[in-house]
Amino acid sequence: MTKKELLKTLIRDFQLREIPALKPRKLEIPLHLNKVITLMGVRRSGKSSILLQAIDTLRKTVPREQIVYLNFEDERLDLAADELDLIVQAYRELYPEQDLSQCYFFFDEIQNLPKWELFIRRLDDSISRHLFITGSNSKLLGSEIATALRGRTLRYEVFPLSFAEYLGFQGIATDWHASHSRALINRAFGQFLTQGGFPEVALLDDESVRRKLLTEYFDVMIYRDLIERYQERNVQALRFFLRRCIEGVTSPLSVAKVHNELKSAGFRIGKDTLHNYLEQANAIYLLMVAYKYDPSLVRRELGDKKAYIVDNGLISALSWRAGQDKGKLLENLVAMELRKQGLELLFVKGTQECDFVVQQPNGAWLPIQVCYEMGDPATRAREVAGLVAACRFCDTQTGIILTMDEEAEWQESDVTISVSPVWKYFSQEP
Numbered sequence: 001m002t003k004k005e006l007l008k009t010l011i012r013d014f015q016l017r018e019i020p021a022l023k024p025r026k027l028e029i030p031l032h033l034n035k036v037i038t039l040m041g042v043r044r045s046g047k048s049s050i051l052l053q054a055i056d057t058l059r060k061t062v063p064r065e066q067i068v069y070l071n072f073e074d075e076r077l078d079l080a081a082d083e084l085d086l087i088v089q090a091y092r093e094l095y096p097e098q099d100l101s102q103c104y105f106f107f108d109e110i111q112n113l114p115k116w117e118l119f120i121r122r123l124d125d126s127i128s129r130h131l132f133i134t135g136s137n138s139k140l141l142g143s144e145i146a147t148a149l150r151g152r153t154l155r156y157e158v159f160p161l162s163f164a165e166y167l168g169f170q171g172i173a174t175d176w177h178a179s180h181s182r183a184l185i186n187r188a189f190g191q192f193l194t195q196g197g198f199p200e201v202a203l204l205d206d207e208s209v210r211r212k213l214l215t216e217y218f219d220v221m222i223y224r225d226l227i228e229r230y231q232e233r234n235v236q237a238l239r240f241f242l243r244r245c246i247e248g249v250t251s252p253l254s255v256a257k258v259h260n261e262l263k264s265a266g267f268r269i270g271k272d273t274l275h276n277y278l279e280q281a282n283a284i285y286l287l288m289v290a291y292k293y294d295p296s297l298v299r300r301e302l303g304d305k306k307a308y309i310v311d312n313g314l315i316s317a318l319s320w321r322a323g324q325d326k327g328k329l330l331e332n333l334v335a336m337e338l339r340k341q342g343l344e345l346l347f348v349k350g351t352q353e354c355d356f357v358v359q360q361p362n363g364a365w366l367p368i369q370v371c372y373e374m375g376d377p378a379t380r381a382r383e384v385a386g387l388v389a390a391c392r393f394c395d396t397q398t399g400i401i402l403t404m405d406e407e408a409e410w411q412e413s414d415v416t417i418s419v420s421p422v423w424k425y426f427s428q429e430p
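Counting in the UniProt record's numbering, the sequence shown runs from 1 upward without gaps.
Next comes the structure, spelled out in structure tokens:
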């Protein structure tokens with residue numbers, strides 16, 4: 001079968017196939033904006049499902065023949081740059097009378113194709129303004145789209161389930177005033193804290209299968225998204241670095257320290273390579289880098305950093321020690337819930353420390369501490385002191401402490417401190 005005939009078969013087979021019932025996600029992409037809609041996010045976060053839900057909605061008003069879906073994870077779709085036009089040719093031969101400007105094109109994991117951005121630019125210029133693409137590398141998609149499309153795209157980040165979405169997947173109502181609902185939410189949060197929110201994993205009951213699946217996710221990210229994409233040869237060093245980041249999650253990340261550990265273990269590798277690993281892992285959404293808060297963007301970029309992991313399930317599956325540390329899991333969960341809201345991760349570090357400081361839509365800064373429990377007086381004093389210092393540093397009078405189950409509010413000097421359970425704070429969409 002020629003590549004063109006294969007494309008015809010894949011296009012037609014999808015058009016004849018029914019979309020399976022899918023759990024709804026918060027993100028609903030616009031279908032008629034005349035922009036290239038781009039979904040970026042870690043593997044298995046639900047990008048394809050969001051596309052399929054959009055197609056299912058579209059089918060209610062648009063004939064199936066006008067909708068084209070191709071998944072370039074399919075190993076048969078090994079198209080060279082000069083073969084990309086076969087997609088258009090195949091469609092035209094299937095439907096010679098169809099006006100292509102009325103067609104909707106959905107391309108999954110398009111980053112696997114060479115010079116895909118030029119193909120998308122040409123489609124957008126001369127064939128159809130209804131283009132939807134996904135990819136697992138923010139750097140590749142972001143830079144190439146920005147260069148090729150110059151503002152004609154709308155980008156969305158897709159993460160594993162937020163806690164509010166996780167509750168929806170479990171069929172739990174977010175009524176934390178009702179005792180029964182509150183108990184269900186509390187129980188679900190305990191699961192979410194350790195199992196994470198990858199959609200496929202969230203629907204599994206077998207713990208051993210969950211762990212195996214999460215380990216498979218990690219391996220695919222390493223081999224498909226890092227080793228193949230970046231032509232990395234030192235696989236052992238890469239795995240060591242990533243596992244070191246996972247074990248040290250929430251702690252300041254010292255590339256120099258990891259470099260010394262690798263040297264002691266017999267690896268010959270430069271610090272610049274480790275910095276590249278960090279940048280690449282961030283680009284594929286495996287790690288999220290938090291920066292030290294500073295009004296100067298230059299000092300912020302060059303200052304201390306922390307690395308958070310995209311999903312708590314990966315921490316539990318890949319590091320027994322970190323997976324048993326509920327304090328680390330809680331802080332990582334808060335970091336990711338904030339990122340899912342589109343917020344940049346910043347922290348305050350000086351004589352006092354504050355876990356996060358985020359900028360709200362109105363421009364005001366909100367310092368946030370994360371503390372699993374505040375029963376110990378010394379712990380309570382440290383967390384409050386760090387929060388008050390961060391509020392003064394950021395010139396704000398409000399701060400939050402997120403805990404496992406405590407709730408309170410009081411005035412500390414000129415700062416209003418609110419204490420809230422994490423599960424309550426994130427159980428409803430913002």
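All C-beta atoms in this analysis are idealised placements derived from N, C-alpha and C, irrespective of residue type, glycine included.
Spatial distance of LEU161 from VAL220 (CA atoms): 20 Å
Which ranges would you report for the beta strand (DSSP E) in the UniProt domain "DUF4143" (224-372) if only whole runs of at least 3 residues count? 287-292, 305-309, 346-349, 356-359, 365-370
Helix, strand or coil, according to DSSP, for MET374 in the structure here? coil
Which stretch, first to last residue, makes up the beta strand (DSSP E) that contains ILE417? 415-421
I'd like to confirm the pairing. Which residues does DSSP put opposite PHE105 in its beta bridges? VAL68, LEU131
Only counting the same chain, and skipping five residues up and downstream in sequence, which positions put a Cβ closer than 7 Å to that of GLU144? GLU117
Out of ALA378, GLN397, TRP423, which has the shortest C-alpha to C-alpha gap to ASP414? GLN397
How would you call PRO367, buried or exposed, if buried means at least 16 neighbouring beta carbons within 10 angstroms? buried
Just to confirm my understanding: we take GLN53, look at its own chain, exclude 5 residues before and 5 after, and list those with CB closer than 6 Å. What are they? LEU22
Rounded separation between residue 456 and LEU33 - CA only: As shown, the chain starts at 1 and ends at 430. That puts residue 456 outside it, with no answer to give.
When you compare only the Cα positions, how much space is there between LEU113 and ASP82? 11 Å
Answer with buried or exposed for ASP311, where buried requires no fewer than 16 other C-beta atoms within 10 angstroms of its C-beta. buried
Note down the Cα distance separating GLU344 from GLU75, rounded to an integer number of angstroms. 36 Å
Residue from ALA307, TYR156, HIS130, THR147 with nearest C-alpha to LEU346: ALA307
Is it true that the CB of TRP423 sits closer than 9 Å to the CB of ALA188? yes
Would LEU123 and LEU77 be called neighbours here (beta carbons separated by less than 9 Å)? no
Among LEU302, CYS103, THR134, which residue has its Cα nearest to the Cα of SER126? CYS103
Between the Cα of PRO24 and the Cα atoms of LYS263, LYS115, ALA281, GLU165, which residue gives the shortest distance? GLU165
Quick one, which of LEU70, GLY168, PHE240 has its alpha-carbon nearest LEU262's? PHE240
Segment limits, beta strand (DSSP E) that includes GLY41: 36-41
Taking the continuous beta strand (DSSP E) assigned at ALA164, which residues delimit it? Careful: ALA164 lies outside any beta strand (DSSP E), inside the alpha helix (DSSP H) at 163-169.
Is there contact here, the stretch 89-96 with the stretch 39-56, by at least three beta-carbon pairs under 8 Å? no
Taking the beta strand (DSSP E) that ARG155 falls in, what are its first and last residues? 153-158
As assigned by DSSP and simplified to three states, the class of ALA408: strand
Quick test of your reading: ARG321 and GLU247, contact by CB under 8 Å. State the CB separation rounded to the nearest angstrom. 6 Å
Taking all protein chains shown into account, decide if VAL209 is buried (16 or more other Cβ within 10 angstroms of its Cβ) or exposed. exposed
Measuring CA to CA, which of PRO377, ASP376, ILE401, ASP272 is closest to VAL388? ILE401
State yes or no: is the C-beta of THR38 within less than 9 Å of the C-beta of LEU154? yes
Here's the rule: buried if 16 or more other CB atoms are within 10 angstroms of the residue's CB, otherwise exposed. What is LEU226? buried
In its own chain, which residues sit with a C-beta less than 7 Å from the C-beta of LEU27, not counting the 5 before and 5 after it? ILE50, TYR156, VAL158
DSSP state of ILE172, grouped into three classes? coil
Between which two residues does the beta strand (DSSP E) containing ILE50 stretch? Per DSSP, ILE50 belongs to no beta strand (DSSP E); it is in the alpha helix (DSSP H), 47-58.
Whole-angstrom distance between GLU228 and GLN341, CA atom to CA atom: 31 Å
Could you please give me the residues that DSSP links to THR403 through a beta bridge? PRO421
How should GLU337 be labelled, buried or exposed, when 16 other C-beta atoms within 10 angstroms of its C-beta is the threshold for buried? buried
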